[in-house]
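Quick notes on the structure that follows.
Number of protein chains: 2
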Amino acid sequence: MSQTPKQSAERPVPTSADVARLAGVSRATVSYVLNNTSAVRISEPTRRRVREAAEELGYVPHAAARSLRAGHTRMVLLPTAHVPVGPLYSQFFNELQWALRRLDYTVVQYGSLGLEGDEAARAWAELRPVAVVSFGEVALTRHSVDVLKRSGAKAVITLGPRRVEGAHSLVMDQSEIGSCAVSHLVARGRRAIGVVMPEQPGLELFSEPRLEGARRAASVTGARIEPLPLSYDEESAAALAARWRELELDAVYAYNDEHAQLLMRALQDADIDVPGATAVIGADDLLLGRLLRPRLSTVHIDMVTGRRLAELVDGMVREPGDEPEIHDLMGARAVHRESS
Amino acid sequence: MSQTPKQSAERPVPTSADVARLAGVSRATVSYVLNNTSAVRISEPTRRRVREAAEELGYVPHAAARSLRAGHTRMVLLPTAHVPVGPLYSQFFNELQWALRRLDYTVVQYGSLGLEGDEAARAWAELRPVAVVSFGEVALTRHSVDVLKRSGAKAVITLGPRRVEGAHSLVMDQSEIGSCAVSHLVARGRRAIGVVMPEQPGLELFSEPRLEGARRAASVTGARIEPLPLSYDEESAAALAARWRELELDAVYAYNDEHAQLLMRALQDADIDVPGATAVIGADDLLLGRLLRPRLSTVHIDMVTGRRLAELVDGMVREPGDEPEIHDLMGARAVHRESS
Numbered sequence: 001m002s003q004t005p006k007q008s009a010e011r012p013v014p015t016s017a018d019v020a021r022l023a024g025v026s027r028a029t030v031s032y033v034l035n036n037t038s039a040v041r042i043s044e045p046t047r048r049r050v051r052e053a054a055e056e057l058g059y060v061p062h063a064a065a066r067s068l069r070a071g072h073t074r075m076v077l078l079p080t081a082h083v084p085v086g087p088l089y090s091q092f093f094n095e096l097q098w099a100l101r102r103l104d105y106t107v108v109q110y111g112s113l114g115l116e117g118d119e120a121a122r123a124w125a126e127l128r129p130v131a132v133v134s135f136g137e138v139a140l141t142r143h144s145v146d147v148l149k150r151s152g153a154k155a156v157i158t159l160g161p162r163r164v165e166g167a168h169s170l171v172m173d174q175s176e177i178g179s180c181a182v183s184h185l186v187a188r189g190r191r192a193i194g195v196v197m198p199e200q201p202g203l204e205l206f207s208e209p210r211l212e213g214a215r216r217a218a219s220v221t222g223a224r225i226e227p228l229p230l231s232y233d234e235e236s237a238a239a240l241a242a243r244w245r246e247l248e249l250d251a252v253y254a255y256n257d258e259h260a261q262l263l264m265r266a267l268q269d270a271d272i273d274v275p276g277a278t279a280v281i282g283a284d285d286l287l288l289g290r291l292l293r294p295r296l297s298t299v300h301i302d303m304v305t306g307r308r309l310a311e312l313v314d315g316m317v318r319e320p321g322d323e324p325e326i327h328d329l330m331g332a333r334a335v336h337r338e339s340s
Numbered sequence: 341m342s343q344t345p346k347q348s349a350e351r352p353v354p355t356s357a358d359v360a361r362l363a364g365v366s367r368a369t370v371s372y373v374l375n376n377t378s379a380v381r382i383s384e385p386t387r388r389r390v391r392e393a394a395e396e397l398g399y400v401p402h403a404a405a406r407s408l409r410a411g412h413t414r415m416v417l418l419p420t421a422h423v424p425v426g427p428l429y430s431q432f433f434n435e436l437q438w439a440l441r442r443l444d445y446t447v448v449q450y451g452s453l454g455l456e457g458d459e460a461a462r463a464w465a466e467l468r469p470v471a472v473v474s475f476g477e478v479a480l481t482r483h484s485v486d487v488l489k490r491s492g493a494k495a496v497i498t499l500g501p502r503r504v505e506g507a508h509s510l511v512m513d514q515s516e517i518g519s520c521a522v523s524h525l526v527a528r529g530r531r532a533i534g535v536v537m538p539e540q541p542g543l544e545l546f547s548e549p550r551l552e553g554a555r556r557a558a559s560v561t562g563a564r565i566e567p568l569p570l571s572y573d574e575e576s577a578a579a580l581a582a583r584w585r586e587l588e589l590d591a592v593y594a595y596n597d598e599h600a601q602l603l604m605r606a607l608q609d610a611d612i613d614v615p616g617a618t619a620v621i622g623a624d625d626l627l628l629g630r631l632l633r634p635r636l637s638t639v640h641i642d643m644v645t646g647r648r649l650a651e652l653v654d655g656m657v658r659e660p661g662d663e664p665e666i667h668d669l670m671g672a673r674a675v676h677r678e679s680s
């Protein structure tokens, strides 16, 4: 797997011993100064000499060595796979990263495409993160959580639709979104409701529970639910619109605002009146929905803020002894505009 | 900065010595087996015993220890900051991550919000990556590249609008996009051209060279260029549309398709005919442009594929002695639809 590094004509990587020699101090002093250890008294001139020697040699402390000594890092690992990230998640990621940095953590997103369960947990554990925040893209088991904890992780936190045993779960109940959308359509008098199911891989984590929520909301009222697979391109949307009249639907919950934009355009091009013949509702409450005509109804999602999540992570790192907790962190409400 | 880890009631983290003891082998054997070293002959029963002992104790090798021994890792570090990532970049990131994994690298995105130049380089160097691929969000200098190389990075690669001395630069010439857009508008007979400049922080890395390209294309023809600051919300777009007639523009290059959608809606709401009174062109060639009416003209961007970039990274890691190369990796062409 790993190859022997080619040394060839390259200069050797400077070590803390080189810095100590140049500065005329001990290696321990170099370590104290460069790791900002305040417990040890070192004069300002000595500190300056060490820093200048490090600068001259181009020496950087090795996080690996430091974490070997400390037994853990200040690293918060966020596994990421291939789920297409929308604007809502981008903003959330930025906020979380910023808030964790302010608490003196380093945020590392670990590419986990193709990794599953225990294999994933072992790969992450090798970096000895102090906390892992998983967004549910990689399925974890009770055992993978144990692997991470045994390797020194103080907190394993899962966000997302599913609970994971042994982990702190911050449940974002996606079914609530489907339920909100369908309740809104039923309240507006609709009884035969399509639910768009995107065909993009990875999205079933979100679309399946949303469909479940849609069914739940419909079952109380006797409305009919019809799942509608759709890939995110014009041809699929046109094909769906072409057989729309056979489907005898009077409304559609289109998964999110982007899919709603796609489907609404195809329906309009097929002379199906929105909202007259078919009401349309999306989700995410993106700006684009307000730019469409008719203006798009949507489900507004209140996600946990990045700042709040950073505080939860920090709390769990500081008090890791607590029992795993479950927080329900997502709110959803329908926003009525012109398309429904 | 770092606190002493609380040991309290937690079980100690298992070490390779524990595994060796349980399996009745030496620590070296444990290391050979778990790091899949093929150079050393170890019988299959012994390998199995070591793996079972590791499994029972929940032991995972420490990447830090391994990289201390090897002097480097198989980690490719991608610094990320807060630039809003559109669908084009998401897809590229996924591809790159996938292709690097197939070449047996681990992809780590390092949250670098608020880090600049040398400070950033030192933070990344602490993880001893074998390669760093920077997307230009964090400004690197010749010196930061040296810091990374001294710490063992075989390849420092910058993508993005700017060259960095000492690094392999895969230049994506953003000015070409602005130039394409304006050449298209001029060819369609327009002479007074607005250029939308998004006010979102981070985007100036892209918008400034695009404006420069727009000016370059216009200067040849005597067309006038007018920069138009715009924040991505309805109010700003409406305010810009309200003073549109004073600006006496007959065309606008709206930075990208999303900003074009926003501005085109505001112009239409202010009864300014598109393309009659004002031609509009975006960039990125997103699906949404084809869903608008009139259909949006755009600049199609040919980015380097993730697979091609992964091969370049791998080549530079294997042959790090080469002089820094500059590749121009981006193509751009105008796509004419109905809005221009």
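So the protein lines, in turn, are chains A and B. Going by my numbering, the residue at position 324 of the first sequence is 324; the numbering climbs one at a time, nothing skipped. Going by my numbering, the residue at position 15 of the second sequence is 355; the numbering climbs one at a time, nothing skipped. A virtual CB, placed ideally from N, CA and C, is assigned to each residue, including glycine.
- Counting C-beta pairs closer than 8 Å gives fewer than three between the region 306-319 of chain A and the region 241-255 of chain A, which falls short of the contact rule.
- Chain-order list of chain A residues neighbouring T369 of chain B: empty, with the shortest C-beta distance near 18 Å, by a criterion of under 8 Å.
- When secondary structure is reduced to three states using DSSP, A139 of chain A falls in the coil class, being assigned neither helix nor strand.
- Around the beta carbon of E258 of chain A, 16 or more other beta carbons sit within 10 angstroms, so the residue counts as buried.
- Under the 10 Å beta carbon count, V380 of chain B is surrounded by fewer than 16 other beta carbons and is classified as exposed.
- The beta carbon of R188 of chain A sits no closer than 8 Å to any beta carbon of chain B.
- A Cβ of chain B is located within less than 8 Å of the beta carbon of A125 of chain A.
- Residue burial annotation: S371 of chain B is buried, with at least 16 other C-beta atoms found within 10 angstroms of its C-beta.
- Inter-residue distance for T298 of chain A and V335 of chain A is about 5 Å (C-alpha atoms, whole angstroms).
- The Cβ atoms of L230 of chain A and V196 of chain A lie closer than 8 Å to each other.
- Take the alpha-carbon of R190 of chain A and the one of A251 of chain A: they are about 6 Å apart.
- At a cut-off of 4 residues, the continuous stretches assigned as alpha helix (DSSP H) that sit fully inside the region 213-257 of chain A are 234-242 and 244-247.
- In this structure M316 of chain A is not in contact with I177 of chain A, their Cβ atoms being roughly 27 Å apart against a cut-off of 8 Å.
- Following the DSSP letters along the chain, one finds A17 of chain A inside the alpha helix (DSSP H) bounded by residues S16 to A23.
- For V390 of chain B, the enclosing alpha helix (DSSP H) starts and ends at E384 to L397.
- Residue-level contact check: Q200 of chain A does not touch chain B, since none of the beta carbons of chain B fall below 8 Å from its beta carbon.
- At a cut-off of 8 Å, the C-beta of R490 of chain B has a neighbouring C-beta in chain A.
- The C-beta separation of L545 of chain B from V472 of chain B comes to about 18 Å, leaving the pair out of contact by the 8 Å criterion.
- Excluding the 5 residues flanking it on each side, A53 of chain A has same chain C-beta neighbours closer than 7 Å at V19, L22 and A23, in chain order.
- V145 of chain A has a beta carbon lying at 8 Å or more from every beta carbon in chain B.
- Chain B places a beta carbon closer than 8 Å to that of D233 of chain A, counting this residue as a contact.
- In this structure, M172 of chain A sits near M330 of chain A, with a CB-CB distance shorter than 8 Å.
- When rounded, the separation of the alpha-carbon atoms in V390 of chain B and S366 of chain B is 10 Å.
- For M537 of chain B, the enclosing beta strand (DSSP E) begins and ends at A532 to P538.
- Your pair A495 of chain B and H508 of chain B checks out as a contact, with CB atoms roughly 6 Å apart and the cut at 8 Å.
- Annotation: S134 of chain A to A120 of chain A spans about 11 Å, alpha carbon to alpha carbon.
- Leaving aside the five residues that flank L211 of chain A on each side, the residues in its chain whose CB is nearer than 7 Å to its CB run, in chain order, G178, V195, M197 and P227.
- Annotation: Cβ neighbours of R290 of chain A in chain B (cutoff 8 Å, chain order): E574.
- For G160 of chain A, the uninterrupted beta strand (DSSP E) segment begins and ends at A155 to G160.
- Here P79 of chain A is bridged, per DSSP, to A:Y110.
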